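Protein chains in written order, with the numbering used here: chain A, 4 to 237; chain B, 4 to 237. Idealized CB from N, CA, C, for every residue including glycine. No experiment lies behind these values; they were computed from the predicted model shown.
Protein chains: 2
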Amino acid sequence: MCFNLMLSNDQTVFTRDDRETLHKIMLARRDMRHFLANSKVDKEVLDRIMIAAHTAPSVGLMQPWRFINILDTSLREKIASQVDDEITKTANEMDHRKADFLKLKLEGIRDCAVLIAVVQAPDDGTILGRRTLPQEMALCSTACAIQNLWLAARAENIGMGWVSLFDPKYLAKLLHCPENALPIALLCLGPVKKFYVEPMLVETGWRNEKTLDSVLFNDQWLDDDGSPKFQNKQ
Amino acid sequence: MCFNLMLSNDQTVFTRDDRETLHKIMLARRDMRHFLANSKVDKEVLDRIMIAAHTAPSVGLMQPWRFINILDTSLREKIASQVDDEITKTANEMDHRKADFLKLKLEGIRDCAVLIAVVQAPDDGTILGRRTLPQEMALCSTACAIQNLWLAARAENIGMGWVSLFDPKYLAKLLHCPENALPIALLCLGPVKKFYVEPMLVETGWRNEKTLDSVLFNDQWLDDDGSPKFQNKQ
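This is the structure:
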């Protein structure tokens, strides 16, 4: 690490400036599909990003995330080719939006500097906190690690895209994963020319974002027409 | 918002200080179970925390997260009581660790200032990015929103605990959720006396953390005995 994380103290009292920095990073984070070809990510930068991923919370302290760095170029090409196939299959389920869908750039597998497959480890039998939602809670833990990774990458001015257009069984076989391990993400990481100003799917007119108010309820679920503003307990 | 987020620019070039702040927040974030009773969270603080949650990425821009703020005290008590039941059920599956398990404080439902149930919305039919892993990708999106929320809370010096000890069907009914909506988290939020120095499950001797090296592979999965150090592509 370039900076001394040992200075961090769990009792740290964060300031308004700290919060502003965090919010700026969150707001500037984008799901990137366009990368600068022939670029690279320095080792210490990637190390810091992976450390951030591993500080994520996990149910029952399972830490079920596994990260596979794809270094072999022929392996990367096999993965890219599988993603191409999956894009075609998805397009064929799109009906009237197929043409618009095929105009979108949906992955940066061949261009990105670093490609990391994220695999959900086989169940380790943890019961604490996951008796009723065992698969869901393990998966949520890995997603939290990916979100940390994503924010840490953006803070390094590195783009990241989470590609989920693949056949997980095929990918598991390609990466020699054990039975019951589940690949859930192909993370494209690397320098970008420009971060999208809005989410790419908004910029391209594919879809609009929901307002915050529309996802906040008090005490009970309400359908779209009857949602009151989220209140705070006084 | 107290600070002007409109100043944030998606092309922001973050600095070493910014990265250090982000890593400090991530490292100081804890899954809290002990809260200061009779405390509160100011409205503008909770607003900022919820804004952070809603800036999360989501597959196909689904934004499948819904947040239900539990304001009604009798509703909170019903939820607490359900969590008590689930703790008993989990304990009964614990075998030789049952006594140790029952010594752990596993939730702060009755003490925390703010209680928020997070519900996965019913499937909206999005295909983009989720043809092969539809439920998984929607769930991962909601988990990313919760991780943003968690980091934003810590940056406000507010503790948060993700309680997953509940019967999701019972909770869905209690919160009047539509069919196929799935409660995945009870988030306890509020001031704490002290943040755990290490994860509570480590502090109590329940479980050790994995090393970062043990979850990083190159090109293929390797079992525990044969994992080489994660390399960076040059």
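From the options, residue whose alpha carbon lies closest to that of residue i
{"i": "B:Ser84", "options": "B:Arg113, B:Thr15 and B:Trp165", "result": "B:Arg113"}
{"i": "B:Met29", "options": "A:Ala146, A:Asn183, A:Asp87 and A:Leu154", "result": "A:Leu154"}
{"i": "A:Tyr199", "options": "A:Pro181, A:Lys108 and A:Leu131", "result": "A:Lys108"}
{"i": "B:Pro186", "options": "B:Gly208, B:Ile149 and B:Gly193", "result": "B:Ile149"}
{"i": "A:Glu110", "options": "A:Glu47, A:Leu39 and A:Ala56", "result": "A:Leu39"}
{"i": "A:Phe169", "options": "A:Pro181, A:Leu190 and A:Asp103", "result": "A:Leu190"}
{"i": "B:Ala175", "options": "A:Asn160, A:Leu225, A:Thr58 and A:Gln138", "result": "A:Leu225"}
{"i": "B:Arg100", "options": "B:Leu219, B:Arg210 and B:Met35", "result": "B:Arg210"}
{"i": "A:Leu142", "options": "A:Met65, A:Val44 and A:His26", "result": "A:Met65"}
{"i": "A:Glu3", "options": "A:Pro181, A:Ala102, A:Leu219 and A:Glu159", "result": "Look at the range of chain A in this structure, 4 to 237, and you will see that residue 3 of chain A is not part of it."}
{"i": "B:Lys106", "options": "B:Cys147, B:Asn221, B:Gly208 and B:Ser217", "result": "B:Gly208"}
{"i": "B:Phe220", "options": "A:Val166, A:Ala124, A:Asn183 and A:Ala156", "result": "A:Ala124"}
{"i": "A:Pro137", "options": "A:Ser217, A:Pro67, A:Met35 and A:Asp103", "result": "A:Pro67"}
{"i": "B:Asp126", "options": "B:Ala102, B:Asp98 and B:Ala184", "result": "B:Ala184"}
{"i": "B:Pro181", "options": "B:Arg19, B:Thr93 and B:Arg69", "result": "B:Arg69"}
{"i": "B:Phe17", "options": "A:Asn95, A:Glu23 and A:Arg19", "result": "A:Glu23"}
Spatial distance of residue i from residue j (CA atoms)
{"i": "A:Leu74", "j": "A:Gly162", "result": "18 Å"}
{"i": "B:Ile41", "j": "B:Cys115", "result": "Here residue 41 of chain B is Asn; the residue named in the question, Ile, does not match the sequence. Going by the C-alpha atoms only, they are around 8 Å apart."}
{"i": "A:Asp50", "j": "A:Lys172", "result": "29 Å"}
{"i": "A:Ile52", "j": "B:Asp21", "result": "14 Å"}
{"i": "A:Glu206", "j": "A:Val121", "result": "27 Å"}
{"i": "B:Thr214", "j": "B:Leu131", "result": "35 Å"}
{"i": "A:Ser144", "j": "B:Ser77", "result": "31 Å"}
{"i": "B:His179", "j": "A:Met140", "result": "22 Å"}
{"i": "A:Thr91", "j": "A:Trp165", "result": "18 Å"}
{"i": "B:Asn7", "j": "A:Asp87", "result": "For B:Asn7, the predicted model reports a pLDDT of 47, less than 50, meaning its position is unreliable; a value from the coordinates is still stated below. So the two alpha carbons sit approximately 42 Å from each other."}
{"i": "B:Leu25", "j": "A:Val44", "result": "19 Å"}
{"i": "A:Ala146", "j": "A:Ser61", "result": "10 Å"}
{"i": "A:Ile82", "j": "B:Phe104", "result": "43 Å"}
{"i": "B:Arg36", "j": "A:Ala156", "result": "30 Å"}
{"i": "B:Asp13", "j": "A:Ala56", "result": "22 Å"}
{"i": "B:Ala188", "j": "A:Glu212", "result": "23 Å"}
{"i": "B:Lys197", "j": "B:Lys27", "result": "16 Å"}
{"i": "B:Ala102", "j": "B:Asn95", "result": "10 Å"}
Nearest-angstrom beta carbon gap, residue j and residue i [assumed within contact, 8 Å]
{"i": "B:Ile71", "j": "A:Gln223", "result": "7 Å"}
{"i": "B:Arg33", "j": "B:Pro194", "result": "Actually they do not touch by this definition, with Cβ atoms about 13 Å apart."}
{"i": "A:Gly63", "j": "A:Thr129", "result": "4 Å"}
{"i": "B:Glu151", "j": "B:Thr15", "result": "A quick correction: the sequence has Asn, not Glu, at residue 151 of chain B. 17 Å between Cβ atoms; not a contact."}
{"i": "A:Leu192", "j": "A:Val117", "result": "4 Å"}
{"i": "A:Ser167", "j": "B:Arg133", "result": "6 Å"}
Per DSSP, the bridge partner or partners of residue i
{"i": "A:Arg32", "result": "Paired residue(s): none; A:Arg32 is not in a bridge."}
{"i": "A:Arg69", "result": "A:Val122"}
{"i": "A:Phe17", "result": "Its beta-bridge partners do not exist; DSSP assigns none."}
{"i": "B:Leu219", "result": "A:Phe70"}
{"i": "A:Cys191", "result": "A:Leu118 and A:Gly164"}
{"i": "A:Leu136", "result": "Looking at the DSSP assignment, A:Leu136 forms no beta bridge with any residue, so it has no partner."}
{"i": "A:Leu185", "result": "A:Gln123"}
Can you give me, in chain order, the residues of the stretch 137 to 168 of chain A that have a beta carbon less than 9 Å from any beta carbon in chain B?
Residues are counted here when their Cβ sits less than 9 Å from a Cβ of chain B; for the stretch 137 to 168 of chain A these are Gln138, Glu139, Met140, Leu142, Cys143, Ser144, Thr145, Ala146, Cys147, Ala148, Ile149, Gln150, Asn151, Trp153, Leu154, Ala155, Arg157, Ala158, Glu159, Asn160, Trp165, Val166, Ser167 and Leu168, given in chain order.
Chain-ordered residues of the stretch 20 to 38 of chain B with a beta carbon less than 9 Å from chain C:
In the displayed structure, chain C is absent; the protein chains listed are A and B.
Taking beta-carbon pairs under 7 Å, can you tell me which members of the stretch 171 to 194 of chain A lie near chain B?
Here the close residues are Pro171, Leu178, His179, Cys180, Pro181, Ala184 and Ile187.
Residues of the stretch 57 to 81 of chain A with Cβ closer than 8 Å to any Cβ of chain B, in chain order
Listed by position along the chain: His57, Thr58, Ala59, Pro60, Val62, Gly63, Leu64, Gln66, Trp68, Arg69, Phe70, Ile71, Asn72, Ile73, Leu74, Asp75 and Leu78.
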